[in-house]
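Notes for the one structure printed next.
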Amino acid sequence: MNDSRDMFGDTPPWDDKEEDAAPSPAELEEAGQASMFGDPQPAPAPAPEPAPIESAAVEPEVEPVVTKPAASKPDAPKPAAPKPSSPEASAQPYRVLARKYRPQTFAELIGQEAMVQTLANAIKRDRLAHAFLMTGVRGVGKTSTARLIAKALNCIGPDGQGGPTIDPCGQCEPCRAIAEGRHIDVIEMDAASHTGVDDVREIIEAVRYAAVSARYKIYIIDEVHMLSRNAFNALLKTLEEPPAHVKFLFATTEVDKLPVTVLSRCQRFDLRRIPAPMLAGHFAKVCGLEGVEAEEEALAMVAAAAEGSVRDGLSILDQAIAHADLDGEGQVRADKVRDMLGLSDKSVQRHLITAILDGKGGELLELVERQFSLGVEPIAIMRGLMTLVHRVAVAQVAGGAHDAHSAEEREAIEGWAKALKAGQVHRIWQLLLKGHEEVKSAPDPLVAAQMALLRILHASDMPDPGSLVKKLEELAARAPVAAPETSRAVDGGGADGASAALAAPAPTAAVEVRRWEELVEDVEHMGELSIANTMRMQVRVVELGSGLLRYAQPQGFSEDIAGLLRGALAKATGERWEVHKLGEQEGVIAMPTLVEQAEAKKNAESDAVSQHPLVVATKAAFPQAEIIEDDRPLAVGGGGRNWRR
Numbered sequence: 001m002n003d004s005r006d007m008f009g010d011t012p013p014w015d016d017k018e019e020d021a022a023p024s025p026a027e028l029e030e031a032g033q034a035s036m037f038g039d040p041q042p043a044p045a046p047a048p049e050p051a052p053i054e055s056a057a058v059e060p061e062v063e064p065v066v067t068k069p070a071a072s073k074p075d076a077p078k079p080a081a082p083k084p085s086s087p088e089a090s091a092q093p094y095r096v097l098a099r100k101y102r103p104q105t106f107a108e109l110i111g112q113e114a115m116v117q118t119l120a121n122a123i124k125r126d127r128l129a130h131a132f133l134m135t136g137v138r139g140v141g142k143t144s145t146a147r148l149i150a151k152a153l154n155c156i157g158p159d160g161q162g163g164p165t166i167d168p169c170g171q172c173e174p175c176r177a178i179a180e181g182r183h184i185d186v187i188e189m190d191a192a193s194h195t196g197v198d199d200v201r202e203i204i205e206a207v208r209y210a211a212v213s214a215r216y217k218i219y220i221i222d223e224v225h226m227l228s229r230n231a232f233n234a235l236l237k238t239l240e241e242p243p244a245h246v247k248f249l250f251a252t253t254e255v256d257k258l259p260v261t262v263l264s265r266c267q268r269f270d271l272r273r274i275p276a277p278m279l280a281g282h283f284a285k286v287c288g289l290e291g292v293e294a295e296e297e298a299l300a301m302v303a304a305a306a307e308g309s310v311r312d313g314l315s316i317l318d319q320a321i322a323h324a325d326l327d328g329e330g331q332v333r334a335d336k337v338r339d340m341l342g343l344s345d346k347s348v349q350r351h352l353i354t355a356i357l358d359g360k361g362g363e364l365l366e367l368v369e370r371q372f373s374l375g376v377e378p379i380a381i382m383r384g385l386m387t388l389v390h391r392v393a394v395a396q397v398a399g400g401a402h403d404a405h406s407a408e409e410r411e412a413i414e415g416w417a418k419a420l421k422a423g424q425v426h427r428i429w430q431l432l433l434k435g436h437e438e439v440k441s442a443p444d445p446l447v448a449a450q451m452a453l454l455r456i457l458h459a460s461d462m463p464d465p466g467s468l469v470k471k472l473e474e475l476a477a478r479a480p481v482a483a484p485e486t487s488r489a490v491d492g493g494g495a496d497g498a499s500a501a502l503a504a505p506a507p508t509a510a511v512e513v514r515r516w517e518e519l520v521e522d523v524e525h526m527g528e529l530s531i532a533n534t535m536r537m538q539v540r541v542v543e544l545g546s547g548l549l550r551y552a553q554p555q556g557f558s559e560d561i562a563g564l565l566r567g568a569l570a571k572a573t574g575e576r577w578e579v580h581k582l583g584e585q586e587g588v589i590a591m592p593t594l595v596e597q598a599e600a601k602k603n604a605e606s607d608a609v610s611q612h613p614l615v616v617a618t619k620a621a622f623p624q625a626e627i628i629e630d631d632r633p634l635a636v637g638g639g640g641r642n643w644r645r
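Here the sequence shown stands for residues 1 to 645, numbered as in our numbering.
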């Protein structure tokens with residue numbers, strides 16, 4: 001026995017075991033963890049403290065195998081959420097807020113009420129799935145939820161007679177061991193460092209054996225999407241039909257990378273982002289527990305910077321508290337948080353918007369220079385202005401700035417919401433969005449931000465399209481209406497072909513015009529495309545009857561096409577036709593050719609457009625404006641107005 005004292009120190013190891021409540025299970029659990037994952041370092045003296053980081057921090061201060069410091073306070077940190085005001089808090093190494101206030105019960109898990117209700121109903125009805133998959137962004141509680149599920153399934157209650165419950169007691173040995181990360185039947189694996197098929201093969205071999213001391217053997221695999229394809233394939237059969245005593249809990253931030261075969265074998269829970277107001281309330285509660293005063297606006301900034309992640313928000317809050325303590329004030333103030341995060345001052349944002357709307361370019365540039373000299377990045381200035389403009393647009397729809405953190409901010413936003421039109425607000429937003437992209441890619445972000453804001457300043461007072469249309473309508477109402485041109489009757493023997501094209505057919509000849517168009521279409525459908533084109537371009541119908549065609553030709557066409565027309569019409573109608581060409585005779589009235597009619601119709605439409613009161617008013621307001629038409633067919637993307645030209 002003296003040899004043992006000389007070897008291990010003054011206090012024998014069995015004395016420490018007598019002081020500890022259950023040292024043997026702890027050693028067994030450590031050995032199980034090492035055998036499962038191949039831990040190269042043995043653990044001769046398990047640390048019974050609740051937080052592994054605290055034990056690890058104490059061990060280097062003493063001899064490697066001495067267990068006296070660990071045995072001196074075995075039950076001190078057993079409560080689920082250690083209070084910072086306890087007398088031993090100052091003696092323990094500091095733990096960051098993200099670890100200190102990790103949820104120990106489902107009641108402490110904020111923002112995931114739907115998932116908690118589903119799990120509670122499943123436990124009450126004894127309809128527990130064999131595999132659960134938790135997805136979501138970083139810091140919303142995926143791994144914490146997996147540990148809570150492990151506690152809920154293995155809790156035995158303070159009296160040791162309890163069953164699975166949505167409210168684990170936190171006092172029984174399984175609850176305490178799981179919370180401390182030392183339970184032998186709850187194996188937590190990081191898939192980022194165990195990606196191969198060999199790691200999964202160890203799980204497959206181990207699931208055959210029953211749990212040592214718990215109700216269920218639970219495997220928590222974090223970042224499961226990092227497993228290789230072969231590892232997933234090796235796990236599929238066991239994942240689909242595991243033994244009754246085994247549960248799988250997966251957590252991942254990139255669920256899209258998981259094979260569909262794995263997704264179909266799991267009960268999936270999508271953990272949503274935590275809303276900023278809920279985060280701010282949670283951070284206020286944490287500040288109260290820490291004995292730190294914090295401004296409401298400062299907590300709102302931290303919550304906004306967290307982007308829905310509780311862990312990110314607690315890390316930022318931890319930094320903000322340390323930043324406040326350096327000043328000797330002990331209060332988390334909004335201006336300090338703003339400086340720490342590199343955000344643009346909201347009061348400066350309001351001054352920037354005021355300078356833009358008032359057209360004060362010098363003041364605008366001075367404010368931007370001042371913010372840049374204080375360390376605020378130009379991209380942060382643009383982002384802050386975009387947030388402010390968005391809140392103005394929301395206030396226009398909601399009827400007020402209900403999310404404002406100060407009376408001054410609420411008054412400014414509501415004033416802009418009433419003074420500005422929706423079109424102006426959206427135009428400023430679009431210009432800010434364009435400027436944001438320019439600042440991100442510009443070689444000199446400050447210059448790009450200044451130019452973008454100056455562009456917004458010059459465009460802020462431009463009328464929106466709706467106002468411009470109303471102005472043009474008013475000008476059109478006051479503009480004189482031009483008298484339409486009188487149509488001119490042209491005879492078939494006239495020398496001016498263009499005049500003949502403008503001559504509209506008499507109402508009595510409308511039937512003949514339609515019949516001639518049908519005859520041309522019949523000839524074309526027979527495959528005589530060349531003759532059909534000739535009929536459209538060279539035939540001015542003078543008389544069209546049953547089997548009779550009297551026609552004239554436009555100026556510039558002298559060849560005799562009577563025989564060609566006679567044969568085509570006879571073939572199309574099956575009748576014998578008499579076709580006669582008339583020369584230049586006085587009193588002969590001929591209809592324009594089909595081509596001339598189409599040109600006349602187009603010219604009439606153009607004249608009608610140019611004489612429209614709205615167009616006349618537009619040309620009066622913009623003398624250099626032109627109407628440009630696209631003559632291309634619809635098949636090649638034409639047929640409409642080509643405004644880009």
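Think of the CB as a built atom: it goes at the ideal place given N, C-alpha and C, for glycine as much as any other residue. Source: prediction; values computed, not measured.
* What residue range is occupied by the uninterrupted beta strand (DSSP E) comprising D222? -> As a first step, residue 222 is located in the sequence shown; it is residue number 222 there, counting from the start. From DSSP, the beta strand (DSSP E) with D222 extends over K217 to D222.
* Among Y209, V224, L446 and M301, which has the Cα closest to the Cα of D199? -> Indexing the sequence shown from 1 puts residue 199 at position 199. Taking only the C-alpha atoms, the option nearest D199 is V224.
* Asked: Would you call the region 540-549 and the region 563-580 touching, i.e. three or more CB-CB distances under 8 angstroms?
  -> yes
* To do: Look at I218 and L249 and say whether their C-beta atoms are less than 8 angstroms apart.
  => The residue you call residue 218 lines up with position 218 of the sequence shown. The residue you call residue 249 lines up with position 249 of the sequence shown. Yes, the pair counts as a contact, with Cβ atoms nearer than the cut-off.
* To do: Would you mind stating whether A417 and Q430 have Cβ atoms separated by less than 8 angstroms?
  => If you number the sequence shown from 1, residue 417 lands on position 417. If you number the sequence shown from 1, residue 430 lands on position 430. Not a contact, by the Cβ cut-off of 8 angstroms.
* Contact set for P445: own chain, Cβ-Cβ below 8 angstroms, skip 5 residues either direction -> Position 445 of the sequence shown holds residue 445. Same-chain partners within the cutoff: E377, P378, I379 and V439.
* Asked: So who's on the other strand from H612, going by DSSP bridges?
  -> Within the sequence shown, residue 612 is the residue found at index 612, counting from 1. Its beta-bridge partners do not exist; DSSP assigns none.
* Asked: In its own chain, which residues sit with a C-beta less than 7 angstroms from the C-beta of V368, not counting the 5 before and 5 after it?
  -> For the purposes of this step, residue 368 is taken as the residue at position 368 of the sequence shown. Within the same chain, V368 has close Cβ partners I381, A449, Q450 and L453.
* To do: Compute the beta-carbon to beta-carbon distance between I178 and I123, rounded to the nearest angstrom, for a pair I have assumed lies under 8 angstroms.
  => Residue mapping note: residue 178 aligns to position 178 of the sequence shown, counting from 1. Residue mapping note: residue 123 aligns to position 123 of the sequence shown, counting from 1. Rounded, the Cβ-Cβ distance is 16 angstroms, inconsistent with contact.
* Asked: When DSSP labels each residue in this structure, what does H580 get in the three-state scheme?
  -> For this step, residue 580 is matched to residue 580 along the sequence shown. Note: H580 maps to strand in three-state DSSP.
* **Burial state of N154, where buried means 16 or more other Cβ atoms lie within 10 Å** => Your numbering for residue 154 matches position 154 in the sequence shown. N154 should be labelled buried.
* Taking all protein chains shown into account, decide if H282 is buried (16 or more other Cβ within 10 angstroms of its Cβ) or exposed. => In the sequence shown, counting from the first residue as 1, residue 282 sits at position 282. Burial call: buried.
* Per DSSP, what kind of secondary structure is M278 in: helix, strand or coil? -> As a working note, residue 278 is residue 278 in the sequence shown. Helix.
* **G181 vs L271 beta-carbon contact at 8 angstroms** => On the sequence shown, position 181 is the one that residue 181 refers to. On the sequence shown, position 271 is the one that residue 271 refers to. Going by C-beta atoms, G181 is not nearer than 8 angstroms to L271.
* Given a cut-off of 8 angstroms, decide if R273 and A298 are closer than it, judged by their beta-carbon atoms. => Working through the sequence shown from its first residue, we reach residue 298 at position 298. Working through the sequence shown from its first residue, we reach residue 273 at position 273. Contact: no.
* Asked: Is it right to say Y101 is buried, meaning 16 or more other beta carbons lie within 10 angstroms of its own, or is it exposed?
  -> One-based indexing of the sequence shown puts residue 101 at position 101. So Y101 ends up on the buried side.
* Asked: Do you know offhand how far P174's Cα is from G163's?
  -> Residue numbering aside, residue 174 sits at position 174 when the sequence shown is read from its first letter. Residue numbering aside, residue 163 sits at position 163 when the sequence shown is read from its first letter. Between the C-alpha atoms of P174 and G163 there is a straight-line separation of about 12 angstroms.
* Asked: Taking DSSP as the reference, what is the three-state secondary structure of F372?
  -> The residue given as residue 372 occupies position 372 in the sequence shown. In this structure, F372 counts as helix in the three-state DSSP scheme.
* Asked: Can you tell which of V302, V212 and A570 has its C-alpha closest to the C-alpha of D339?
  -> Within the sequence shown, the letter at position 339 stands for residue 339. Among V302, V212 and A570, the Cα nearest to that of D339 belongs to V302.
* How big is the Cα-Cα spacing for G160 and L148? -> In the sequence shown, the residue the question calls residue 160 occupies position 160. In the sequence shown, the residue the question calls residue 148 occupies position 148. Between G160 and L148, the C-alpha separation is close to 18 angstroms.
* Asked: So the beta strand (DSSP E) K100 belongs to, where does it begin and stop?
  -> Numbered from its first residue, the sequence shown carries residue 100 at position 100. Counting along the chain, K100 falls outside any beta strand (DSSP E), though it belongs to the alpha helix (DSSP H) covering L97 to K100.
* Asked: Are the beta-carbon atoms belonging to T593 and Q538 less than 8 angstroms from one another?
  -> Position 593 of the sequence shown holds residue 593. Position 538 of the sequence shown holds residue 538. Closer than 8 angstroms, so yes.
* Which value, in whole angstroms, describes the spacing of the CA atoms of E626 and V615? -> In the sequence shown, counting from the first residue as 1, residue 626 sits at position 626. In the sequence shown, counting from the first residue as 1, residue 615 sits at position 615. Rounded to whole angstroms, E626 to V615 spans 10 angstroms at the Cα level.
* Asked: In the DSSP assignment, what residue or residues form a beta bridge with A552?
  -> On the sequence shown, residue 552 is found 552 positions in, with the first residue counted as 1. According to DSSP, A552 bridges with R540.
* So, is L317 buried or exposed, given that buried needs 16 or more other C-beta atoms within 10 angstroms? -> Within the sequence shown, the letter at position 317 stands for residue 317. Buried, by the Cβ-count rule.
* Asked: Measuring CB to CB, does L433 end up less than 8 angstroms from L364?
  -> The count along the sequence shown starts at 1 and reaches residue 433 at position 433. The count along the sequence shown starts at 1 and reaches residue 364 at position 364. Against a cut-off of 8 angstroms, the Cβ pair of L364 and L433 comes out as no contact.
* Would you tell me roughly how many angstroms separate the C-alpha atoms of G384 and Q349, rounded to the nearest one? => On the sequence shown, residue 384 is found 384 positions in, with the first residue counted as 1. On the sequence shown, residue 349 is found 349 positions in, with the first residue counted as 1. As the crow flies, the alpha-carbon of G384 is around 7 angstroms from that of Q349.
* Determine the extent of the beta strand (DSSP E) in which R268 is found, giving its start and end residues. => The count along the sequence shown starts at 1 and reaches residue 268 at position 268. Element bounds for R268: Q267 to D270.
* Asked: Can you tell which of L279, D185, G196 and R99 has the C-alpha that lies nearest to the C-alpha of V712?
  -> No answer is possible for residue 712: the residues shown for the chain start at 1 and end at 645.
* Along the alpha helix (DSSP H) that carries I381, what are the first and last residues, could you check? => Residue numbering aside, residue 381 sits at position 381 when the sequence shown is read from its first letter. First-last of the alpha helix (DSSP H) with I381: P378 to A398.
* Asked: When DSSP labels each residue in this structure, what does K247 get in the three-state scheme?
  -> Looking up residue 247 in the sequence shown gives position 247. Reduced to three states, the DSSP call for K247 is strand.
* Asked: Relative to the ligand GTP, is the shortest distance from any of its heavy atoms to the C-beta of V579 smaller than 7 angstroms?
  -> The ligand GTP is not part of the structure shown, which contains no ligands of any sort.
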